[in-house]
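Engineer: Chains as they are written, first to last, in the working numbering: chain A, 1 to 321; chain B, 1001 to 1321. Using N, Cα and C, we set each Cβ at its ideal position, and we do this for glycine too. None of these values were measured; they are calculated from a predicted model. Take a look at this one; I'll ask things after.
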């Protein structure tokens, strides 16, 4: 029987992924386990294990179950990693270090037969400016946030442990996921969802940056699709470059708002209140704006092709009205 | 008084650096300390401390001395890091993690006044093929060796700890240093020096790769110059991108051998014996061949402009005849 483990399974993307795996029966007959510090009360009804992904003993216990596929989603988000430096490195990098070493130990204990697929959610935060108009697949990782540096360091480890055959891993540099359902989180990018989600729910939303800010988005549904596609990918096709820029849709905040106006009307748009925040503007100014993710597209990864479509996914999958 | 600490001060580059600092009086009146697991018997006559750079307690003791400038050269070389996976990650990455955290603790204990310059010797091994004809300053780090992955992970940490103001660091991606004096080491690149050094000393040398292999070289003297230049550099000029591709000279093994023939004659060249080694060929095939290091050149870093010049530096500085 196939064992599937989602680290960070209680988070928004972890829940979307679990839901997609069950709904589409992606791993027929598989045993699916979600691991996280906490789970939503009305979460996806599968087996859960509660614990801290940064606890090496806990990670060794999880590895000892020899999951065939591991989705490594658990992370401290960008804003928190910036505010709590030690915590960010501990959870976002050292936890991966302990996980990879625990999996390597299982690989060795199995006589080399155990070699799990590991799908790691990296981020476009591994990039730092100045940027070309579109970031290509050979653009350098020069992150300007702790979160981005931690994700980039994990990519290097995932690739090297894979190259040596201890695991079979790859890293997905997720676009900013939008529209996130539920409450705002501590990610500095949270407002990209907030300015769509809150107005659609009749609530005021704060816009902390200028509406000329351009950014790179994909929906939660697309994110879950990236992850399940990666779980089944022939990693030989990656030719040793196991970190991928994923497809998404590039638009300005003004274009996001125009799409919202088309979908929901002016009264909804009027709920967006500009309240400039220098800290968030400083972080966002260093973020990527547009990509040419040719490799991932050739490998069959797909995302939305308009912001209207991204809003529609939210309306279909998540609107709580 | 300025305190200067060289981690890996017993190694070839550490010794060249210490010699240069003393000879050119680079840090007038400074207290220079070399740290390493061992030192050459007739090494540069300065204070030495013996220990393991991968021992966190030892690293904390070194940091407690609050060195103003730290040269972080200590490493397991590429061939050994490939053969001894755990050791490579421990010495080449975790040691840097412990060092940076020890320096951050000193920064905080000082009320933020202590912020040392850290010059880290990274490597062109952070790159992996396929390559453009010349690697530019925005080309991705996609290492295909453990050594390269470890160096790239350290670069990310050095940059992020610097961005937060705990240290003021930069990473120098050294070309392959050639002609290394003394004995061959366990680096897979060791033969690039061996085929020049051994014949000049009347000894046979093994050439494990085809003479069409093109690679990127700078002399030990240039390496010491990179390091002292970096110690005095205004890091604001780096604009957050604190890992630099350095200048060097690109040539094929055949061109190296031609230069040797011009300098020392056919009888010396006849001491080079081709003995193909698949393991070394496999590693070398993944290495960079040529660079356009525009940023480092603009920042005043300099290297040799011919392989004849590189051989001349060996003859002037090191020939043991």
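List, in order along the chain, the chain A residues whose C-beta lies closer than 7 Å to that of residue 1134 of chain B?
Structural biologist: Chain A residues near residue 1134 of chain B: none, gap ~13 Å exceeds 7 Å.
Engineer: What would DSSP say about residue 243 of chain A, mapped onto helix, strand or coil?
Structural biologist: Reduced to three states, the DSSP call for residue 243 of chain A is strand.
Engineer: For residue 1065 of chain B, which three-state DSSP category applies?
Structural biologist: Residue state, collapsed to three classes: coil.
Engineer: On the DSSP bridge assignment, give the partners of residue 169 of chain A in chain order.
Structural biologist: In DSSP, residue 169 of chain A forms a bridge with A:118.
Engineer: Are three or more beta carbon pairs between the segment 252-271 of chain A and the segment 106-124 of chain A nearer than 8 Å?
Structural biologist: Touching, no, given that fewer than three Cβ pairs across the two stretches are closer than 8 Å.
Engineer: From the DSSP output, in three-state form, read off residue 1055 of chain B for me.
Structural biologist: Here residue 1055 of chain B sits in coil by DSSP.
Engineer: Locate the beta strand (DSSP E) running through residue 49 of chain A, then write down its first and last residues.
Structural biologist: Its beta strand (DSSP E) spans residues 47-50.
Engineer: Please say whether residue 1217 of chain B and residue 1248 of chain B have beta carbons closer to each other than 7 Å?
Structural biologist: Yes, these two residues count as a Cβ contact at 7 Å.
Engineer: Identify whether residue 1291 of chain B lies in helix, strand or coil by the three-state DSSP scheme.
Structural biologist: In the structure shown, residue 1291 of chain B sits in a strand (DSSP, three-state: E or B).
Engineer: Residue 1214 of chain B by DSSP, collapsed to three states: which one?
Structural biologist: Strand, per DSSP.
Engineer: Should residue 1203 of chain B be labelled buried (16 or more other beta-carbon atoms within 10 Å of its own) or exposed?
Structural biologist: Answer is exposed; the Cβ neighbour count stays below 16.
Engineer: Comparing the C-beta of residue 1169 of chain B with each C-beta of chain A, is any distance below 7 Å?
Structural biologist: Chain A, which has no Cβ nearer than 7 Å to the Cβ of residue 1169 of chain B, makes this no.
Engineer: Taking the C-alpha atoms as reference points, what is the distance between residue 1219 of chain B and residue 1178 of chain B?
Structural biologist: If you take the alpha carbons of residue 1219 of chain B and residue 1178 of chain B, they lie about 5 Å apart.
Engineer: Taking one C-beta from the segment 159-166 of chain A and one from the segment 181-188 of chain A each time, how about it: are there three or more such pairs within less than 8 Å?
Structural biologist: Segments in contact, no.
Engineer: If we cut at 7 Å on Cβ distances, does residue 160 of chain A have a partner in chain B?
Structural biologist: So, interface residue.
Engineer: On the three-state DSSP scale, how would you describe residue 1206 of chain B?
Structural biologist: In this structure, residue 1206 of chain B counts as strand in the three-state DSSP scheme.
Engineer: Suppose the cutoff is 6 Å on Cβ atoms and the five residues either side in sequence are ignored; what does the same chain contact list for residue 159 of chain A look like?
Structural biologist: Excluding residues within five positions, the ones whose Cβ falls inside 6 Å are 242.
Engineer: Please list, in chain order, all residues of the same chain as residue 91 of chain A whose beta carbon is under 6 Å from its beta carbon, the five residues on each side excluded.
Structural biologist: Here the set comprises 54 and 76.
Engineer: Do the CB positions of residue 298 of chain A and residue 244 of chain A come within less than 7 Å of each other?
Structural biologist: Not closer than 7 Å, so no.
Engineer: Buried or exposed, going by whether 16 or more other CB atoms sit within 10 Å of the CB of residue 1144 of chain B?
Structural biologist: Residue 1144 of chain B should be labelled buried.
Engineer: Distance, Cα to Cα, residue 272 of chain A vs residue 206 of chain A?
Structural biologist: Cα-Cα distance, rounded: 6 Å.
Engineer: Residue 1321 of chain B by DSSP, collapsed to three states: which one?
Structural biologist: Because the pLDDT at residue 1321 of chain B is just 46, under 50, the model does not fix this residue reliably, and the value given afterwards should be weighed accordingly. Correct three-state label for residue 1321 of chain B: coil.
Engineer: Do you know whose CA, among B:1107, B:1252 and B:1153, lies nearest residue 1127 of chain B's CA?
Structural biologist: Nearest C-alpha to residue 1127 of chain B: B:1153.
Engineer: With 7 Å set as the bound, which would you pick, yes or no: does the beta-carbon of residue 1240 of chain B sit closer than that to a beta-carbon of chain A?
Structural biologist: Closer than 7 Å: yes.
Engineer: Taking Cβ to Cβ, would you say residue 1074 of chain B is nearer than 7 Å to residue 1007 of chain B?
Structural biologist: For residue 1074 of chain B and residue 1007 of chain B, yes; Cβs fall inside 7 Å.
Engineer: Which value, in whole angstroms, describes the spacing of the CA atoms of residue 1050 of chain B and residue 1120 of chain B?
Structural biologist: For residue 1050 of chain B and residue 1120 of chain B, the distance between alpha carbons rounds to 20 Å.
Engineer: Taking one C-beta from the segment 1228-1239 of chain B and one from the segment 1185-1203 of chain B each time, how about it: are there three or more such pairs within less than 8 Å?
Structural biologist: Taking 8 Å as the limit for Cβ pairs, the verdict is that the segment 1185-1203 of chain B does not touch the segment 1228-1239 of chain B.
Engineer: In chain B, which residues lie with their C-beta within 7 Å of the C-beta of residue 291 of chain A?
Structural biologist: Ordered by position in chain B, no residue passes the 7 Å Cβ test against residue 291 of chain A, which lies about 13 Å from the chain.
Engineer: Compile a chain-ordered list of the residues in the segment 1170-1201 of chain B whose CB is closer than 7 Å to at least one CB of chain A.
Structural biologist: Listed by position, the residues of the segment 1170-1201 of chain B near chain A (Cβ gap below 7 Å) amount to none.
Engineer: Nearest to residue 239 of chain A by CA position, among B:1142, B:1269, B:1292 and B:1223, is which residue?
Structural biologist: With distances taken between Cα atoms, residue 239 of chain A lies closest to B:1142.
Engineer: Do residue 294 of chain A and residue 137 of chain A count as a contact pair if the criterion is CB distance below 7 Å?
Structural biologist: Yes, Cβ-Cβ distance for residue 137 of chain A and residue 294 of chain A is below 7 Å.
Engineer: Would you say residue 258 of chain A reaches chain B, if we count a Cβ-Cβ gap shorter than 7 Å as a contact?
Structural biologist: So no, residue 258 of chain A is outside the interface.
Engineer: Within a Cβ cutoff of 8 Å, which residues of the same chain sit near residue 1312 of chain B, ignoring the five residues on either side of it in sequence?
Structural biologist: For residue 1312 of chain B, where only same-chain residues beyond five positions count, the Cβ hits under 8 Å are 1263.
Engineer: Can you name the residues of chain B whose CB is closer than 9 Å to the CB of residue 146 of chain A?
Structural biologist: Residues of chain B passing the Cβ test: 1160, 1163 and 1164.
Engineer: Using only the alpha-carbon positions, how far apart do residue 1303 of chain B and residue 1017 of chain B sit?
Structural biologist: Cα-Cα distance, rounded: 15 Å.
Engineer: Return no unless some Cβ of chain A is closer than 7 Å to the Cβ of residue 1156 of chain B.
Structural biologist: Yes - at least one Cβ of chain A is within 7 Å of the one on residue 1156 of chain B.
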